[in-house]
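Participant:
Number of protein chains: 2
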Amino acid sequence: MVTDNASSATAGRPRGRSAVAVPELVEKARAGDPRSVGRLISLVEDASPLLREVMAEICRHDDSAADRAITIGITGAPGVGKSTSTNALVTELRKAGKRVGVLAVDPSSPFSGGALLGDRVRMGDHALDKDVYIRSMASRGHLGGLSWSTPQAMRVLDAAGCDVVLVETVGVGQSEVEIAGLADTTIVLLAPGMGDGIQAAKAGILEVGDVYVVNKADRDGASSVRRDLRNALALTQRGEGAWKPPVLMTTAQDGSGMAEVVAELDKHAEWLRASGELARRRTRRAREEVEAIAVTTLRQRWAAVGRHDRLDALAVEVAEGRTDPYTAADVLLDAPESAG
Amino acid sequence: MVTDNASSATAGRPRGRSAVAVPELVEKARAGDPRSVGRLISLVEDASPLLREVMAEICRHDDSAADRAITIGITGAPGVGKSTSTNALVTELRKAGKRVGVLAVDPSSPFSGGALLGDRVRMGDHALDKDVYIRSMASRGHLGGLSWSTPQAMRVLDAAGCDVVLVETVGVGQSEVEIAGLADTTIVLLAPGMGDGIQAAKAGILEVGDVYVVNKADRDGASSVRRDLRNALALTQRGEGAWKPPVLMTTAQDGSGMAEVVAELDKHAEWLRASGELARRRTRRAREEVEAIAVTTLRQRWAAVGRHDRLDALAVEVAEGRTDPYTAADVLLDAPESAG
Numbered sequence: 532m533v534t535d536n537a538s539s540a541t542a543g544r545p546r547g548r549s550a551v552a553v554p555e556l557v558e559k560a561r562a563g564d565p566r567s568v569g570r571l572i573s574l575v576e577d578a579s580p581l582l583r584e585v586m587a588e589i590c591r592h593d594d595s596a597a598d599r600a601i602t603i604g605i606t607g608a609p610g611v612g613k614s615t616s617t618n619a620l621v622t623e624l625r626k627a628g629k630r631v632g633v634l635a636v637d638p639s640s641p642f643s644g645g646a647l648l649g650d651r652v653r654m655g656d657h658a659l660d661k662d663v664y665i666r667s668m669a670s671r672g673h674l675g676g677l678s679w680s681t682p683q684a685m686r687v688l689d690a691a692g693c694d695v696v697l698v699e700t701v702g703v704g705q706s707e708v709e710i711a712g713l714a715d716t717t718i719v720l721l722a723p724g725m726g727d728g729i730q731a732a733k734a735g736i737l738e739v740g741d742v743y744v745v746n747k748a749d750r751d752g753a754s755s756v757r758r759d760l761r762n763a764l765a766l767t768q769r770g771e772g773a774w775k776p777p778v779l780m781t782t783a784q785d786g787s788g789m790a791e792v793v794a795e796l797d798k799h800a801e802w803l804r805a806s807g808e809l810a811r812r813r814t815r816r817a818r819e820e821v822e823a824i825a826v827t828t829l830r831q832r833w834a835a836v837g838r839h840d841r842l843d844a845l846a847v848e849v850a851e852g853r854t855d856p857y858t859a860a861d862v863l864l865d866a867p868e869s870a871g
Numbered sequence: 532m533v534t535d536n537a538s539s540a541t542a543g544r545p546r547g548r549s550a551v552a553v554p555e556l557v558e559k560a561r562a563g564d565p566r567s568v569g570r571l572i573s574l575v576e577d578a579s580p581l582l583r584e585v586m587a588e589i590c591r592h593d594d595s596a597a598d599r600a601i602t603i604g605i606t607g608a609p610g611v612g613k614s615t616s617t618n619a620l621v622t623e624l625r626k627a628g629k630r631v632g633v634l635a636v637d638p639s640s641p642f643s644g645g646a647l648l649g650d651r652v653r654m655g656d657h658a659l660d661k662d663v664y665i666r667s668m669a670s671r672g673h674l675g676g677l678s679w680s681t682p683q684a685m686r687v688l689d690a691a692g693c694d695v696v697l698v699e700t701v702g703v704g705q706s707e708v709e710i711a712g713l714a715d716t717t718i719v720l721l722a723p724g725m726g727d728g729i730q731a732a733k734a735g736i737l738e739v740g741d742v743y744v745v746n747k748a749d750r751d752g753a754s755s756v757r758r759d760l761r762n763a764l765a766l767t768q769r770g771e772g773a774w775k776p777p778v779l780m781t782t783a784q785d786g787s788g789m790a791e792v793v794a795e796l797d798k799h800a801e802w803l804r805a806s807g808e809l810a811r812r813r814t815r816r817a818r819e820e821v822e823a824i825a826v827t828t829l830r831q832r833w834a835a836v837g838r839h840d841r842l843d844a845l846a847v848e849v850a851e852g853r854t855d856p857y858t859a860a861d862v863l864l865d866a867p868e869s870a871g
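Here you go:
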């Protein structure tokens, strides 16, 4: 395993100023060199201007959609055992000979500037395995956040030859929805004894999961969580030929139940391919990514033009109550500069 | 006091379909009619197409920046006593004869679709006061979230004749930064016994506060929180004539210390005016608001055009690995349709 902590990976060198030969870096990453993979992901985290070249270079080599990595999102409330489950899942996927990349995303902390190291420590099981790449990623609050940086980091791991890319994220509100948008398959983790949290989240999680896992199956209440969940899922409308999300039980701590999870993941991947849903999901994802990049590019253009110009003048008018913000936005959009 | 729960306020009528005479609604809101204020804020929450007209109408009447409401953001980790402090602050501001609007923003819950009622119950002190308007607001996860809907709701309360608009938000990471961008003055609340939470947040909160309040001053450790905070603030660089954020002690439960908080808020408002910082902050805020509206408008245009057209085709190319997302974004931006 190769772990990179977000902050340590880029420490000690001035950001965006080191001379990087992108084609060489991508070539090395494609050959599986973990250090090059790490540098590419750091470029993603830093929203480096080099990303444009990196993505073009990765794309240039990528001649088939068929051998693309399957991406799996893992979400759930704090305390359900996400990291332990991710760890156990990696073990199981390795038994099947898969090359695995793990991205642990911490969207909650624009201040800390780095993901929690604690979680990663528990991944120690794979410390000597060169076919496992684990990376904590912080979104650093730059434009677009999770939705912007994670797909690019996933693309890097895909290019680096991973068969499966796991994305583990803190399941707090928005991010559950986001992760469902990011991955081919979404695992929603639950655990007994979480009380109201599960109830409150239920409306949301019923829509995002492809595979539901009740972890800590050895604890009291696990089977009632499963029953409640199955009942709730049974009420959701699903069309002919639609995927029916299974509800599995695991004890990630000792790995029990993980083989069944991997079997269901395989089944879901098969269904995704056979139903055409894989292409649909990936296209939807690409659509959002392109849109996010376009919007960011546009904002940068505005910032470049507007800083000494139109947007500032409009902002003063709005602040002084002479114009309303909608009219100002129209003026901005119709200005020739903003059209690029 | 008039409370509106986000969900109940719009329940029972089809969204965006009721015939609303905007000029009449704005006129009534300006006269202080709470029901009209509530309906306007519901339009904001729902991102109604009528907002454009509402904002133009409000702006048409708004002839001077000088008598604009002072906006005060209140942020802090869960458990520090935000709602109790907001309540005590309203009491104190009412003693000074101010008309007060309160927005309680819950950015964390795209699923629940409504803010927590529990917090509002504690505001019961002002239940009979018609010069206090309290509203829970959910951002419902629509584009732009907090940064989009809150300034508009604040503008509605301003138009409705509030002298002070308080915005209370859950202090979790991003939202602390956002609230600092939204308000003229930002109060950062702390409390003893919060442990590591304060430490972790410290780097962030040192930059956003104009007034720091250590609540629960009667508890052990309150004065050491104040000391630590003062020491940390002393280390931050501030230029000549800059505002030096005070650190105050309160027990919001019984209102002690609140008079000092209001005195400091007044001082800060004076400083904002005298230094020109008020106009700068409001212009910055307006700038972000105009930009957010412009970006959203643009996305809507893209959605309208691109759904059957270019963006979809580009997304397929990216999903299949034939184009990288940056190149696709460039194509999208350079397409004549996207320029409006």
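Here the protein sequences come in this chain order: A and B.
Residues in the first sequence are numbered consecutively from 532, following my numbering.
Residues in the second sequence are numbered consecutively from 532, following my numbering.
In this text, a Cβ means the ideal position worked out from N, Cα and C, and glycines have one as well.
#1: Is there a Cβ from chain E that is less than 9 Å from the Cβ of Arg853 (chain A)?
#2: Would you mind sorting Leu845 (chain B) into buried or exposed? The rule is 16 or more other CB atoms within 10 Å of its CB.
#3: Do Leu634 (chain A) and Ala684 (chain A) have their beta-carbon atoms positioned less than 9 Å apart in this structure?
#4: Can you tell me where the beta strand (DSSP E) with Leu779 (chain B) in it begins and where it stops?
#5: For the alpha helix (DSSP H) that Val793 (chain B) lies in, which residues bound it at each end?
#6: Grab me the residues of Ile601 (chain B)'s own chain with a C-beta within less than 6 Å of its C-beta, minus the 5 sequence neighbours each way, in chain order.
#7: Who are the neighbours of Glu820 (chain B) on chain A, taking C-beta pairs under 9 Å?
#8: Look at the alpha carbon of Gly772 (chain A) and the alpha carbon of Asp689 (chain A), and state the distance between them as a whole number of angstroms.
#9: Does the Cβ of Ser806 (chain B) have 16 or more other Cβ atoms within 10 Å, making it buried, or fewer, making it exposed?
#10: Under the three-state reduction of DSSP, which class applies to Ser573 (chain B): helix, strand or coil?
#11: Can you list, in chain order, the residues of its chain with a C-beta nearer than 7 Å to that of Leu909 (chain B)? Leave out the 5 residues immediately preceding and following it.
#12: Under a Cβ-count criterion, where at least 16 other Cβ atoms within 10 Å of its own Cβ denotes burial, should Leu766 (chain B) be classed as buried or exposed?
#13: Does the stretch 789 to 798 of chain A touch the stretch 815 to 835 of chain A, meaning 3 or more C-beta pairs lie closer than 8 Å?
#14: Can you pull the DSSP bridge partners for Ser667 (chain A)?
#15: For Lys661 (chain A), count neighbouring C-beta atoms within 10 Å of its own C-beta (all shown protein chains included) and say buried if the count is 16 or more, exposed if not.
#16: Less than 9 Å between the beta carbons of Leu713 (chain A) and Val744 (chain A), yes or no?
#17: Is the Cβ of Leu864 (chain B) closer than 9 Å to any Cβ of chain A?
#18: If the criterion is Cβ atoms closer than 9 Å, does the pair His657 (chain B) and Thr615 (chain B) meet it?
#19: Who are the neighbours of Met586 (chain A) on chain B, taking C-beta pairs under 9 Å?
#20: Label Asn746 (chain A) either buried or exposed according to how many other C-beta atoms from any shown protein chain fall within 10 Å of its C-beta, with 16 as the threshold for buried.
#21: In whole angstroms, what separates the C-alpha of Phe748 (chain A) from that of Ser754 (chain A)?
#22: Looking only at its own chain, which residues have a Cβ that is under 6 Å from the Cβ of Ser567 (chain B), when we skip the five neighbours before and after it?
#23: Hey, could you find the ends of the alpha helix (DSSP H) Thr858 (chain A) is sitting in?
#24: Under the three-state reduction of DSSP, which class applies to Glu771 (chain A): helix, strand or coil?
#25: Helix, strand or coil for Leu829 (chain A), going by three-state DSSP, please let me know.
#26: Cys693 (chain A) versus chain B: which residues are under 8 Å apart at the beta carbon?
#27: What are the boundary residues of the alpha helix (DSSP H) that includes Leu760 (chain B)?
#28: Tell me, which residues are paired with Glu699 (chain A) by DSSP?
#29: Out of curiosity, what's the CA-to-CA distance linking Val636 (chain A) and Ile605 (chain A)?
#30: Grouping DSSP H, G and I as helix and E and B as strand, with all else coil, what is Leu721 (chain A)?
#31: Do you know offhand how far Thr854 (chain B)'s Cα is from Leu582 (chain B)'s?
#32: So which residues on chain B does Asp843 (chain A) lean against when the C-beta distance must stay under 9 Å?
Facilitator: So, from the data block:
#1: The chain labelled as chain E is not found among the protein chains of the depicted structure, namely A and B.
#2: The residue given as residue 845 (chain B) occupies position 314 in the second sequence. When all chains shown are included, Leu845 (chain B) counts as buried.
#3: Here residue 684 (chain A) refers to the residue found at position 153 when the first sequence is read from its first residue. Here residue 634 (chain A) refers to the residue found at position 103 when the first sequence is read from its first residue. Closer than 9 Å, so yes.
#4: One-based indexing of the second sequence puts residue 779 (chain B) at position 248. If you look at Leu779 (chain B), you'll find it in the beta strand (DSSP E) that goes 778 to 780.
#5: As a working note, residue 793 (chain B) is residue 262 in the second sequence. Here the alpha helix (DSSP H) through Val793 (chain B) covers 789 to 806.
#6: What you label residue 601 (chain B) is simply residue 70 of the second sequence in a count that begins at 1. For Ile601 (chain B), where only same-chain residues beyond five positions count, the Cβ hits under 6 Å are Val695, Asp715, Ala800.
#7: As a first step, residue 820 (chain B) is located in the second sequence; it is residue number 289 there, counting from the start. Within 9 Å Cβ-Cβ: Ala846, Val849, Pro856, Ala859, Ala860.
#8: Here the question's residue 772 (chain A) lines up with position 241 in the first sequence. Here the question's residue 689 (chain A) lines up with position 158 in the first sequence. Approximately 29 Å between the Cα atoms of the pair.
#9: Against the second sequence, residue 806 (chain B) aligns to sequence position 275. Exposed.
#10: Here residue 573 (chain B) refers to the residue found at position 42 of the second sequence. Correct three-state label for Ser573 (chain B): helix.
#11: With chain B running from 532 to 871 in the structure shown, residue 909 (chain B) is simply not present.
#12: The sequence position of residue 766 (chain B) within the second sequence is 235, counting from 1. Flag for Leu766 (chain B) reads exposed.
#13: The stretch 815 to 835 of chain A and the stretch 789 to 798 of chain A do not touch, with fewer than 3 CB-CB distances between them shorter than 8 Å.
#14: Along the first sequence, one-based indexing puts residue 667 (chain A) at 136. Under DSSP, Ser667 (chain A) takes part in a beta bridge, and its partners are A:Ala635.
#15: Working through the first sequence from its first residue, we reach residue 661 (chain A) at position 130. Lys661 (chain A) is exposed by the Cβ-count criterion.
#16: In the first sequence, counting from the first residue as 1, residue 713 (chain A) sits at position 182. In the first sequence, counting from the first residue as 1, residue 744 (chain A) sits at position 213. The Cβ atoms of Leu713 (chain A) and Val744 (chain A) do not sit closer than 9 Å to each other.
#17: Stepping through the second sequence from its first residue, residue 864 (chain B) is reached at position 333. At least one chain A Cβ lies under 9 Å of Leu864 (chain B).
#18: Mapped onto the second sequence, residue 657 (chain B) falls at position 126. Mapped onto the second sequence, residue 615 (chain B) falls at position 84. Cβ distance not < 9 Å, so His657 (chain B) and Thr615 (chain B) don't count as in contact.
#19: Here the question's residue 586 (chain A) lines up with position 55 in the first sequence. Under the 9 Å cutoff, chain B gives Asp855, Pro856, Tyr857, Thr858.
#20: Within the first sequence, residue 746 (chain A) is the residue found at index 215, counting from 1. Around the beta carbon of Asn746 (chain A), 16 or more other beta carbons sit within 10 angstroms, so the residue counts as buried.
#21: The count along the first sequence starts at 1 and reaches residue 748 (chain A) at position 217. The count along the first sequence starts at 1 and reaches residue 754 (chain A) at position 223. Reading off the sequence, residue 748 (chain A) comes out as Ala, not Phe. Ala748 (chain A) and Ser754 (chain A) have their C-alpha atoms roughly 7 Å apart.
#22: Within the second sequence, numbered from 1, the residue matching residue 567 (chain B) stands at position 36. Scanning its chain for C-beta atoms nearer than 6 Å, with the 5 sequence neighbours on each side dropped, one finds around Ser567 (chain B) the residues Leu556, Lys559, Ala560, in chain order.
#23: Here the question's residue 858 (chain A) lines up with position 327 in the first sequence. For Thr858 (chain A), the enclosing alpha helix (DSSP H) has its first and last residue at 856 to 865.
#24: Looking up residue 771 (chain A) in the first sequence gives position 240. Assignment of Glu771 (chain A) by DSSP, reduced to helix, strand and coil, places it in the coil class.
#25: By one-based count along the first sequence, residue 829 (chain A) stands at place 298. Of the three classes helix, strand and coil, the one that applies to Leu829 (chain A) here is helix, per DSSP.
#26: Taking the first sequence and counting its residues from 1, the one referred to as residue 693 (chain A) is at position 162. Chain B residues near Cys693 (chain A): none, gap ~15 Å exceeds 8 Å.
#27: Counting from one through the second sequence, the residue named residue 760 (chain B) turns up at place 229. Looking at the DSSP string, the run of the alpha helix (DSSP H) that includes Leu760 (chain B) is 753 to 766.
#28: As a first step, residue 699 (chain A) must be located in the first sequence, where it is residue number 168. According to DSSP, Glu699 (chain A) bridges with A:Ile605, A:Ala635.
#29: Taking the first residue of the first sequence as 1, we reach residue 636 (chain A) at position 105. Taking the first residue of the first sequence as 1, we reach residue 605 (chain A) at position 74. Between Val636 (chain A) and Ile605 (chain A), the C-alpha separation is close to 10 Å.
#30: Numbered from its first residue, the first sequence carries residue 721 (chain A) at position 190. Correct three-state label for Leu721 (chain A): strand.
#31: As a position in the second sequence, residue 854 (chain B) is number 323, starting the count at 1. As a position in the second sequence, residue 582 (chain B) is number 51, starting the count at 1. Looking at the backbone, the Cα of Thr854 (chain B) and that of Leu582 (chain B) are separated by about 38 Å.
#32: Position 312 of the first sequence, counting from 1, holds the residue named residue 843 (chain A). Ordered by position in chain B, the residues that pass the 9 Å Cβ test against Asp843 (chain A) are Thr814, Arg818.
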